[in-house]
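Presented below is the structure to which this report refers.
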Amino acid sequence: MTSAPDRPQIRPAIADLPAYVPGKPPAARDGVPTYKLSSNENPFPPLAGILEAATDAAGAMNRYPDMGCTALYARLSEHLGVPVTHLAAGTGSVAVLYHLLQAFCEAGDEVVYAWRSFEAYPIAVAVTGATSVQVPLDAEARHDLGAMAAAITDRTKVVIVCTPNNPTGPAVGRTELQEFLAKVPSHVVVVVDEAYREFVRIEDPVDAVDLYRDRDNVAVMRTFAKAYGLAGFRVGYVIAPEPIASAVRACALPFGVSSVAQAAAVASLEREKELLERVETLVVERGRVVEALREQGWDVPDPQGNFVWLKLGDRTVEFAAAADEAGVMVRPFAGDGARISIGDPKGNDIFLSVAARFVR
Ligand SMILES: *Cc1c(COP(=O)(O)O)cnc(C)c1O
Numbered sequence: 000m001t002s003a004p005d006r007p008q009i010r011p012a013i014a015d016l017p018a019y020v021p022g023k024p025p026a027a028r029d030g031v032p033t034y035k036l037s038s039n040e041n042p043f044p045p046l047a048g049i050l051e052a053a054t055d056a057a058g059a060m061n062r063y064p065d066m067g068c069t070a071l072y073a074r075l076s077e078h079l080g081v082p083v084t085h086l087a088a089g090t091g092s093v094a095v096l097y098h099l100l101q102a103f104c105e106a107g108d109e110v111v112y113a114w115r116s117f118e119a120y121p122i123a124v125a126v127t128g129a130t131s132v133q134v135p136l137d138a139e140a141r142h143d144l145g146a147m148a149a150a151i152t153d154r155t156k157v158v159i160v161c162t163p164n165n166p167t168g169p170a171v172g173r174t175e176l177q178e179f180l181a182k183v184p185s186h187v188v189v190v191v192d193e194a195y196r197e198f199v200r201i202e203d204p205v206d207a208v209d210l211y212r213d214r215d216n217v218a219v220m221r222t223f224a225k226a227y228g229l230a231g232f233r234v235g236y237v238i239a240p241e242p243i244a245s246a247v248r249a250c251a252l253p254f255g256v257s258s259v260a261q262a263a264a265v266a267s268l269e270r271e272k273e274l275l276e277r278v279e280t281l282v283v284e285r286g287r288v289v290e291a292l293r294e295q296g297w298d299v300p301d302p303q304g305n306f307v308w309l310k311l312g313d314r315t316v317e318f319a320a321a322a323d324e325a326g327v328m329v330r331p332f333a334g335d336g337a338r339i340s341i342g343d344p345k346g347n348d349i350f351l352s353v354a355a356r357f358v359r
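In structure tokens form, the structure reads like this:
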């Protein structure tokens, strides 16, 4: 008979989890303004009406939030032209992804996604006990959808497509995504993570909500964190066929999305026009930054989110330290590259001056 262990045993999948590395704030410097370009946050402060809606909701903090997110679902349903039963909200779209993977995956299952991509994916997959199958990006830092389709096996339960891809920037086109979906077996869930969709300016853009409408296996993840500027409130959602959406809701923590977040999200949808004008300002600024980088001689993958990617290899950590020294915090991925969010033009200019010193 084997003897019982002498202490609590953490599941091996959890003990081995990679840590999520949050974008750091810059070190404070006397008399030097600093800029946080490390978390793809929206640099604009909240619009007055949205702050007011959130403040009003905070007055009811002694009450649990509406667990059914009634007002938010009603508003989204109208906005997107989808049934309320096809929606599931969570504390950020990352939480929604955790719930979805929990609903579909267990030990022995596989989840296919591109790599390098969003660092939350390997963690969210590992928590379920399933195995990550990472398909390398192509030479232009794009999803290799052909290789991803070929990586699907009998064990695959979910495929994640991140478009635009965090942290490298390129977006997939509608035609190539349709061709990919045609190759994926109908029992495999395809998650299209559109966290940055409002920033996309390509010829053949994807609206994954359009693609989900006539398929039973497509789930579209969206968030209020980036374009809508609500990163601090934690609210995102999935649009998916009823069985998938209801499985996500079943796994969600009760009362996860706060009243303040729900109110701010509803108010944001009401002021979408102004918010999208701010997105356009960031897109124009992104164009200025990428043009300057390319003039410096950088080979920058096509940036379709609110960030750019510099392939710095073994100089990545040194670059991040130099940027921090200059008052700008970027997000380094040691040995690979750095992701720099598009922020206030003054911060972007400091980043550009550091980049100029590192170009080869
Ligand atoms: C920021 C981001 C999200 C959304 O995160 P929230 O949990 O909603 O803040 C989802 N996917 C990707 C790829 C992201 O970069």
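In this text, residue positions in the sequence shown follow numbering that gives the first Met the number 0: the first is 0, and each later residue adds one. C-beta atoms are modelled at their ideal positions from N, C-alpha and C, and glycine is treated no differently. Keep in mind that this is a model prediction, so the values were computed, not measured.
Boundaries of the beta strand (DSSP E) in which residue i is found, first to last residue
i	result
C250	C250 -> not in any beta strand (DSSP E); alpha helix (DSSP H) instead, spanning 241 to 250.
R212	Careful: R212 lies outside any beta strand (DSSP E) and carries neither H nor E.
I341	Unbroken run through I341: none, as it is neither H nor E.
I238	235 to 238
Whole-angstrom C-beta distance between residue j and residue i, which should lie under 8 Å
i	j	result
A113	V132	Not quite, the Cβ-Cβ distance comes to about 10 Å (not below 8 Å), so this is no contact.
V217	V237	Incorrect: roughly 10 Å between the Cβ atoms, too far for contact.
A321	V353	5 Å
E193	T162	6 Å
A264	F223	5 Å
V259	F232	6 Å
A102	V247	6 Å
S116	N164	6 Å
S37	G22	3 Å
G342	Y19	No, G342 and Y19 are not in contact; Cβ-Cβ is about 21 Å, not under 8 Å.
G128	A12	5 Å
Top-ranked residue by Cα proximity to residue i, from the options
i	options	result
R10	D213, E109, V126	V126
V339	L16, A170, P7, P24	According to the sequence as given, residue 339 is Ile; it is not Val. Among L16, A170, P7, P24, the Cα nearest to that of I339 is on P24.
T152	R173, V171, A57, T130	T130
V190	L96, D143, E273	L96
P300	F350, V278, P166	P166
D15	G67, V111, P121, V31	P121
E271	P45, P17, T33, S257	P45
P169	G22, R154, E241, V205	V205
L311	E324, A333, F198, M328	A333
S376	D298, D65, H98	Past the boundaries of the shown model lies residue 376; the chain is included only from 0 to 359, so the question cannot be answered.
G304	E279, E77, D323	E279
T315	R285, V307, G336, G67	G336
V282	P7, S267, V329, P42	P42
A355	G346, D323, Q295	Q295
D203	E175, G22, N39	E175
P17	A73, A123, A56, S2	A123
R196	A12, V247, L275	L275
D209	P240, E273, T155	P240
L229	L144, L351, I49, V157	I49
H85	L36, D108, A249	A249
V234	Q8, L71, A56	L71
K156	K182, R173, H186, G145	H186
E178	D65, A148, D213	A148
D108	A94, A88, V158, S116	V158
L309	L351, G172, D323, G346	L351
Q261	Y227, D65, R6	D65
Sheet register partners of residue i (DSSP bridge)
i	result
R361	This structure leaves residue 361 out entirely; the chain is present only between 0 and 359.
L86	I238
R28	V31
Any chain B beta carbon closer than 9 Å to residue i
i	result
A170	This model lacks chain B altogether; it includes just one protein chain.
N- and C-terminal bounds of the alpha helix (DSSP H) containing residue i
i	result
I403	No information on residue 403 is available, as it lies outside the stretch 0 to 359 that the chain covers here.
G255	No alpha helix (DSSP H) contains G255, which DSSP labels as neither H nor E.
L16	Counting along the chain, L16 falls outside any alpha helix (DSSP H), and DSSP gives it neither H nor E.
Q295	271 to 295
Q101	92 to 103
L71	69 to 79
Ligand 2 heavy atom lying under 8 Å from the CB of residue i
i	result
G91	Ligands present in the displayed structure are limited to ligand 1, and ligand 2 is not among them.
Segments assigned alpha helix (DSSP H), at least 4 residues, entirely inside the segment 110 to 196: 119 to 127, 144 to 149, 173 to 182
4 or more residues per run - each alpha helix (DSSP H) lying fully within the segment 298 to 355: 315 to 325
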